[in-house]
Each structure stands twice: as C-alpha cells, then as structure tokens.
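Heads up: the sequence lines are chains A and B, in that order. Heads up, the first sequence is in UniProt numbering, so the first residue is 1 and it goes up one at a time. Heads up, the second sequence is in UniProt numbering, so the first residue is 1 and it goes up one at a time. Even glycine gets a Cβ: it sits at the ideal position worked out from N, Cα and C. Below is one structure, written out as structure tokens; the observations come after it.
Number of protein chains: 2
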Amino acid sequence: MEKLDRRTTLKLMGMGAALLAAGSRAFAQQTPTADQLVKGKNPKLIVLSQRPVVLETPYDLLVSQPERTSKEILFIRNNVDLPGYNTVEGASLDGWKVEVTGLVDKPFTFEAKELLALPQSEVTMVLQCSGNGRTLYNPRPSGNPWKRGGMGNVTFRGVKLKTLLESKGVKLSEKALYITAHASRQGGAPEFVRSVPIHALENALLALSMNGEPLPAVHGGPVRLVFPGYFGVNNVKWVEKIEFAEAENTTAEQMPRYRVPVIPNTHLPFLPQEPGSRYPYSFTNSRPNWLVNVNSFIFAPLEGQTVEGPYVRVEGVAFNDGIVPIVSVEVSTNGGRTWQKAELATQGKTFSWVRWRATLYLRPGSHEVMARAWDAAGRSQPLDGNLAWNERGYEWNGVMGVKFTVA
Amino acid sequence: MEKLDRRTTLKLMGMGAALLAAGSRAFAQQTPTADQLVKGKNPKLIVLSQRPVVLETPYDLLVSQPERTSKEILFIRNNVDLPGYNTVEGASLDGWKVEVTGLVDKPFTFEAKELLALPQSEVTMVLQCSGNGRTLYNPRPSGNPWKRGGMGNVTFRGVKLKTLLESKGVKLSEKALYITAHASRQGGAPEFVRSVPIHALENALLALSMNGEPLPAVHGGPVRLVFPGYFGVNNVKWVEKIEFAEAENTTAEQMPRYRVPVIPNTHLPFLPQEPGSRYPYSFTNSRPNWLVNVNSFIFAPLEGQTVEGPYVRVEGVAFNDGIVPIVSVEVSTNGGRTWQKAELATQGKTFSWVRWRATLYLRPGSHEVMARAWDAAGRSQPLDGNLAWNERGYEWNGVMGVKFTVA
Numbered sequence: 001m002e003k004l005d006r007r008t009t010l011k012l013m014g015m016g017a018a019l020l021a022a023g024s025r026a027f028a029q030q031t032p033t034a035d036q037l038v039k040g041k042n043p044k045l046i047v048l049s050q051r052p053v054v055l056e057t058p059y060d061l062l063v064s065q066p067e068r069t070s071k072e073i074l075f076i077r078n079n080v081d082l083p084g085y086n087t088v089e090g091a092s093l094d095g096w097k098v099e100v101t102g103l104v105d106k107p108f109t110f111e112a113k114e115l116l117a118l119p120q121s122e123v124t125m126v127l128q129c130s131g132n133g134r135t136l137y138n139p140r141p142s143g144n145p146w147k148r149g150g151m152g153n154v155t156f157r158g159v160k161l162k163t164l165l166e167s168k169g170v171k172l173s174e175k176a177l178y179i180t181a182h183a184s185r186q187g188g189a190p191e192f193v194r195s196v197p198i199h200a201l202e203n204a205l206l207a208l209s210m211n212g213e214p215l216p217a218v219h220g221g222p223v224r225l226v227f228p229g230y231f232g233v234n235n236v237k238w239v240e241k242i243e244f245a246e247a248e249n250t251t252a253e254q255m256p257r258y259r260v261p262v263i264p265n266t267h268l269p270f271l272p273q274e275p276g277s278r279y280p281y282s283f284t285n286s287r288p289n290w291l292v293n294v295n296s297f298i299f300a301p302l303e304g305q306t307v308e309g310p311y312v313r314v315e316g317v318a319f320n321d322g323i324v325p326i327v328s329v330e331v332s333t334n335g336g337r338t339w340q341k342a343e344l345a346t347q348g349k350t351f352s353w354v355r356w357r358a359t360l361y362l363r364p365g366s367h368e369v370m371a372r373a374w375d376a377a378g379r380s381q382p383l384d385g386n387l388a389w390n391e392r393g394y395e396w397n398g399v400m401g402v403k404f405t406v407a
Numbered sequence: 001m002e003k004l005d006r007r008t009t010l011k012l013m014g015m016g017a018a019l020l021a022a023g024s025r026a027f028a029q030q031t032p033t034a035d036q037l038v039k040g041k042n043p044k045l046i047v048l049s050q051r052p053v054v055l056e057t058p059y060d061l062l063v064s065q066p067e068r069t070s071k072e073i074l075f076i077r078n079n080v081d082l083p084g085y086n087t088v089e090g091a092s093l094d095g096w097k098v099e100v101t102g103l104v105d106k107p108f109t110f111e112a113k114e115l116l117a118l119p120q121s122e123v124t125m126v127l128q129c130s131g132n133g134r135t136l137y138n139p140r141p142s143g144n145p146w147k148r149g150g151m152g153n154v155t156f157r158g159v160k161l162k163t164l165l166e167s168k169g170v171k172l173s174e175k176a177l178y179i180t181a182h183a184s185r186q187g188g189a190p191e192f193v194r195s196v197p198i199h200a201l202e203n204a205l206l207a208l209s210m211n212g213e214p215l216p217a218v219h220g221g222p223v224r225l226v227f228p229g230y231f232g233v234n235n236v237k238w239v240e241k242i243e244f245a246e247a248e249n250t251t252a253e254q255m256p257r258y259r260v261p262v263i264p265n266t267h268l269p270f271l272p273q274e275p276g277s278r279y280p281y282s283f284t285n286s287r288p289n290w291l292v293n294v295n296s297f298i299f300a301p302l303e304g305q306t307v308e309g310p311y312v313r314v315e316g317v318a319f320n321d322g323i324v325p326i327v328s329v330e331v332s333t334n335g336g337r338t339w340q341k342a343e344l345a346t347q348g349k350t351f352s353w354v355r356w357r358a359t360l361y362l363r364p365g366s367h368e369v370m371a372r373a374w375d376a377a378g379r380s381q382p383l384d385g386n387l388a389w390n391e392r393g394y395e396w397n398g399v400m401g402v403k404f405t406v407a
C-alpha cells in the first residue's frame, strides 16, 4: 500500500465522511422516521408505509401505557393521504360538512360545528387494525407486516349518530340494513368507503375528540365516525358522507379487501383455508372484518425477559366486540394442560380492553406462559392462530405465548 | 254411614275397580308409551308429543350407550307424521323416487333403488335437535320441553349427493347457494322444507342405513338427506325433492322457525336477547339452526350420584360441527377458578361426538364438576347458557355442571 501524505489522507477522510453523510441523508429520505412523517408522533414508531402513512407501535411502547394509548404512540393505518393532515394536532371544524343520505325520510347535510351544541357521549374502545398480528401467520400473507402493535385503547368523545338523527327529526327506513361511511376526497384523495351492519347504529359516534384533546388530524379529525366494537377500518376518518343502505357498498375496501372466508350466516368465525392458497372472495362466501374478535395480550413479562421468582406477576389485556362481557382470562404455564383464571380489573360489557393479572409460583428456569380470553357468548381464541390463515392475513387472535426466565 | 251388605259392597268395589281400570286405559290412551307410538322404541323414552311423534331419550339411557346410540333409544323429533312410518324397521325402497331440480344443468329424477349400485359412504355423526336443552333456559321458551336427551351419535351409510350428481353428469350453476330438501307429502302430510348452505354439499349423504341396519322408517327411511355437522332439523327425512337454489326457502320451518337472532355475517354466534322478550325474526336479522355449536356433556358421574373417592373418574362426550377438531375438554371442580384438560379418546376433525375422561382427586363430600369444550377455531361454550336465551329456546350449549358426592 502506497503511503499518503497527511494532507491527502485528511482530504480523503473528509470526502468519505461527506459521502457517508450524504448516504445517510439519502437513506433518511428513503425511510423517514415516524415523527418526520406525522408531526407529533413518537419517533420510535415503526414505519410500515409512508404514503398513506402506516405506523406500528413497538410492543414495549404499547405495554408502557396499559390504560390508554396516547396520541403520540397510537398506531396509524391510513388508506387515504389527506394533504395537511399528517399531524397529531386537531383539524379545524370550520366549513367541514357531512351529508346524511340514503334510506332516510329527510336527507340532510350538517356542519361539523353543529355537533358542539348537541349532547356529547364518550366511549373508551379498542382500535385495532384487522391486519394486526399478520406476521404471525405462516406463510406470510400480503399486506403491511404488523406484529402485535397495530392496536390501542383510546377514549373518543363526540355526538352519537342516533342523537344527531333525533335532533334533526330524521327517521330511517326499515330497509336500511347497513351504514355506509365515505371519507373526504380533499386534494384528490381516492375514495374510501366502508359499510357496517345497521346494528352498529346503537353505539355509532361522530367523534370530535380523543383522550380529551381535539381528535388528531392524522386519526380522522375533525370528525371520525367510530363504531365501538368494530375493527379499525370501519371507523371512517374525515367522514364527509353517511349513507343508510340496503346492501353493503361495492368498493374494493368492502370487497374483496377486509374480508375473511366463511359459510355465511353460520357461527363458524372463519372457514379454514389451506395456508398459502387463494380464495375467490365474494359477498356470499366471505364476511367483512367487522366485530373485533376475542383476543388477549400478555403485557408482562415480555418475551425473553428475566424476572424475579418464585412469585411472578403475569399481566395483560383482553377484549372482544363489547356485545357481551369477557368472562375470564386464563393462563397456563404447562402448555395448556391446566389453566388458571386471572383477576380481571373490571367486569361487565365494555368496548375498552380489560386489564388482567395473575400471580404464578414458578421455579427458577425457562418458562412459557400462554393466555386466552373467554367471553360470555362462549367465544375464545384458537390455540393455533394459523388455523385462521387467510390470504390477506386478517383477524389473527391465536393464543399468545411468552417465553421468559425466572431468576 | 249406612251399613251395606257384603254383596252390595263387593259390587261397588267391583264397579270402582272397573272405573279405575277404565280410567287407567283412558289415561293410557292419552299418553301412550314410546313403544306404543313407535314400534320398536324403548318404552322408557319420554313422550314429548304424540303426533307428529317427539320422543326424548332419558339421560341415564343416553349415557348407557356412549359410543353409538341404538335405534331403540334414539330421540325422535318429527315434524311430519307419515302414515305407516312409526316404526324402527326399515321402509321399502320400492317405487321411492327423488327429484333433483333447481339450479342444475340437467334436472332429473332418480329411483331410490339406483343408490344401491353407487359407491357407498359412511359417516358417524351427532344428531341433535336444535331444541335440545330448551328446559335449561329461563324463562322457559315455547316448544317441546327437551332436557338433554334430544341427541344421539349414529352411523349413517349411503351415497354422497356429490357422487350421485357426478354419476348423472349433472353440474350446478354458480348461482346455487343453498340446498333445499323437501320431505314426502304422502298421506297428505304438510310440507316440510329446509335449506342449508351450498357448503354442506361437501358431506351431504343420501342415507339408506343407520348403525348397519336399514334406516328406520321413523328416522326418515327409506332415504334421508343428512348433512353431517348440521342440527337435526336440516337432515330431511323421507326426502322426495332436492333443489339447488339461490336463496333460502321461505316456508315457516326455515323462517321464522329454527332460527336465532344475530347480526348477520359476523362471528357473533347469537345476539343476546332480554329473557322473555319477543324478536321480529327476519331473514336479515337471524340465522338458521345450521351448524351444531360446540358442546360437551358429562356422562359420569350423574347428577346426585355418590361415588367412591378419592380418585374419581369424570367422563363424557364433546362435539362441534366437524369443520375443525375439538382441541380440548376441560373440567373444573372449583367453579371455574382452575381448569384441567381431560383426555380425548380421538383427535382430529369428526362429525361424531368425541369421548373424554379425566381423573380427579377429590375429598369426601359434595362436589360440582363442570366441563367445557374448546375447538380449533377458538369456539367454546357460554359459562351461563342463558345468555343465549331466545324465544324458541334453540341451541343451548351452556357449560354443564353435575353435583355429586364423594363417599
């Protein structure tokens, strides 16, 4: 190797540093951090897609807020990229109008501002992407590679859609079997439309705030139509039209996307598919990702942790669609041979997740704890979540296991 | 009191005896025994209705045949009273014809006898009335007062409907979403029609025999169209017409009877009702009693028994719709605080019930054991079966508890 004089060496080093910095900038331009994509988001959120923005909450961050998920760490799965709305700050109500149409006796349009004068309601509910847990399916389905951080527990406040209809003296036709909500197409956004069963009207809320603050623009502010108990996708952000309809909407977000194979109108939650196979989705052989299925998550210990023994506190959350209560969460440390009921923090029906905890007596060494929830309707979780494999990887709710060590 | 001479006394006594005997005959005419109603049935079967005949298997008799339920004790829930068919003997195939029509490229009629020349298939399956367990609902719904004896496990043999269609070179239209079967109207019987989803074609069997003998006439012989995994009512006896249809049939047996309230096309198994309330059943707010829901029954100990301790064998059966396996049956003797997995006699998908057993260590005294099944799709049973209360009392699958004493 030739010797270089000091000046030349320094020059080359300088060039290298400049190249490195440029490369780093280029890399940063390719994968901006969460806070660069959405103003006010925690930079630790995992960027699954930039435009429309999709951010996952890292699991350790999720479990650090076991009561309410703050706007800074709440996951995002946007299907529409509304210009100027990528911020956790609120969006202006000024001039925001929403049309109510379809099978009603008097169609009308209201100003979002009018909602401020009506009685307000509040609901704490799980918001969960129907793709949450997708990476646990094998083989990996297409779609955003969610681990378990595509969910959160938030409090929405606003006006019940029923209250609004009553205040306007508007009545539904008996033929109205679905509520179809349309997101704003401001700035040339593609249409985003979802239909839910008319039963969802009972709790439907025109949300103006989240966790006591103006509803973040990136989460649907100024007005989001939320359906407690329904998967995230149904809670249409930036709502600008609400239709009462006889049938489900026929846009791609309703069919074939966001559906799982079923034998329609049976209580079979999904029709098992050969993993890796294709399915000819239709309205008559599949159902939408509507009601949140029963699920439970272990918040502590975390995978790979070492904890003090012999008494080990295991804790987490469980939830369902809120139509019936979670009856119990049970934990097993022997692969399911025996299950022990955990203590639930609250009883009764709720759209919120329910915290649970159990204290186990465990010897030093390696352990795996599993948790499963069971609700009053007799619904639980599959032991092997992959039985629900579907080509788009929706609605994973397999029993979660965590491996850890007792010191 | 006047004194009567001996002759008068004897005469009056004779008259009394004659009156008693006549009364007893009259009573017997009002409630004939099971064997009087249906030739060959065990006289211990409980008569719930005479015409059409409805017989329940007493629970102690049911559990005495834990593998297969014999024709002598198998429950009956007939909706049609076919003259001459109230016997466990077979019915003649001679002249029995079945029409296959609707959304097929070539409608045809076949002679039941033709089935004998085609490849035979066999299936062991649970037959269960969708009203089984009705008396456990509170308040008591209308309908036959079934306890837990409206079910059995039998082996049918015959020709798969698919095999028949293939042998005739007949193809279904893609519009065929339902299979509608019609029972014979011989002797002026009222029509009895049921529709099941086209998915049921996979296992549909034109059954000619049961438990290795000609299919008893009272159970649908000579030809019954059975759909393994479906509630009893769907397995149409004395089938004379099979239609492939775009929609469910609109006769009363399809709607409003044999349905439970739901939010259609969700995985909520039933929409909970206020016990005692009424529901405006329609095709769009309810689902038929189709797939058998997950259930488990304790066959030993029986309620009120005293058994030897401290090791107590608990055993029973569990089943579901056969689409996924039963993963485990768990028992609890502390009100659900802990559950212990029982041993299953067989693994894998099956339409048969699966026997299970567990050995418990129990102190002398009173105990209650509960059992619940859990399948691979994550379905289980409600802890409080009354949450599924519906005005017709269908599909009870609440967790069963048995109180017994350890000596």
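Candidates the options, of which the one nearest residue i by Cα
i, options, result
"P264 of chain B", "B:P275, B:F244, B:S286, B:E246", "B:S286"
"P145 of chain A", "A:R134, A:V307, A:T57, A:P139", "A:R134"
"G143 of chain B", "B:K106, B:W356, B:N78, B:A176", "B:N78"
"W356 of chain B", "B:Y279, B:F231, B:S296", "B:S296"
"E343 of chain A", "A:A318, A:T333, A:G336, A:I323", "A:A318"
"G169 of chain A", "A:A176, A:N235, A:L161", "A:L161"
"L177 of chain A", "A:P214, A:F244, A:N203, A:Q128", "A:F244"
"R224 of chain B", "B:E174, B:A91, B:K175", "B:A91"
"W96 of chain A", "A:L383, A:F192, A:K237, A:P325", "A:K237"
"M210 of chain A", "A:E174, A:L165, A:V159, A:V47", "A:V159"
"G102 of chain A", "A:P32, A:I242, A:Y230, A:L118", "A:I242"
"E191 of chain B", "B:R259, B:N386, B:D81", "B:D81"
"P139 of chain B", "B:V402, B:A388, B:T405", "B:A388"
"A407 of chain A", "A:M400, A:D384, A:P58, A:G365", "A:G365"
"G221 of chain A", "A:R157, A:S167, A:A200", "A:R157"
"E56 of chain A", "A:A34, A:R68, A:M255, A:R257", "A:A34"
Nonlocal neighbours in the same chain, by C-beta distance under 8 Å from residue i, ignoring five residues either side
i, result
"S277 of chain B", "E391"
"G131 of chain A", "R77, G143, N144, W146, G150, R392, G393, Y394"
"E72 of chain B", "G40, K41, N42, V88"
"V327 of chain B", "W374, D375, A376"
"Q340 of chain A", "E330, V331, S332, A358, L360"
Residue-level contact to chain A via CB, residue i, 8 Å cutoff
i, result
"H367 of chain B", "no"
"W339 of chain B", "yes"
"Q120 of chain B", "no"
"E56 of chain B", "no"
"residue 408 of chain B", "Nothing in the structure corresponds to residue 408 of chain B, since chain B is present only between 1 and 407."
"F270 of chain B", "yes"
"S130 of chain B", "no"
"I326 of chain B", "no"
Residue-level contact to chain B via CB, residue i, 8 Å cutoff
i, result
"P228 of chain A", "no"
"H199 of chain A", "yes"
"L223 of chain A", "Going by the sequence as given, residue 223 of chain A is Val instead of Leu. By this cut-off, V223 of chain A is not an interface position."
"W389 of chain A", "no"
"P379 of chain A", "Per the sequence shown, the amino acid found at residue 379 of chain A is Arg instead of Pro. At least one chain B Cβ lies under 8 Å of R379 of chain A."
Own chain, CB closer than 6 Å to residue i, minus 5 neighbours either side, in chain order
i, result
"T124 of chain B", "T155, S352"
"L74 of chain A", "G152"
For residue i, the three-state DSSP class (helix, strand or coil)
i, result
"G14 of chain B", "Note that G14 of chain B scores 49 on pLDDT, short of 50, meaning its location in the model is unreliable; the coordinates nonetheless yield the value given after this. Here G14 of chain B sits in helix by DSSP."
"N386 of chain A", "helix"
"H267 of chain B", "coil"
"I76 of chain B", "strand"
"R257 of chain B", "coil"
"K147 of chain A", "coil"
"Y59 of chain B", "helix"
"A34 of chain B", "helix"
Margin query: Does the segment 100-109 of chain A come into contact with the segment 248-255 of chain A, if we say contact requires no fewer than three beta-carbon pairs (one atom in each stretch) closer than 8 Å?
Written below: no
Margin query: Assess contact between the segment 360-373 of chain B and the segment 327-340 of chain B, defined as three or more Cβ pairs (one per stretch) separated by less than 8 Å. Is contact present?
Written below: yes
Check: Does the segment 380-389 of chain A touch the segment 182-191 of chain A, meaning 3 or more C-beta pairs lie closer than 8 Å?
Finding: no
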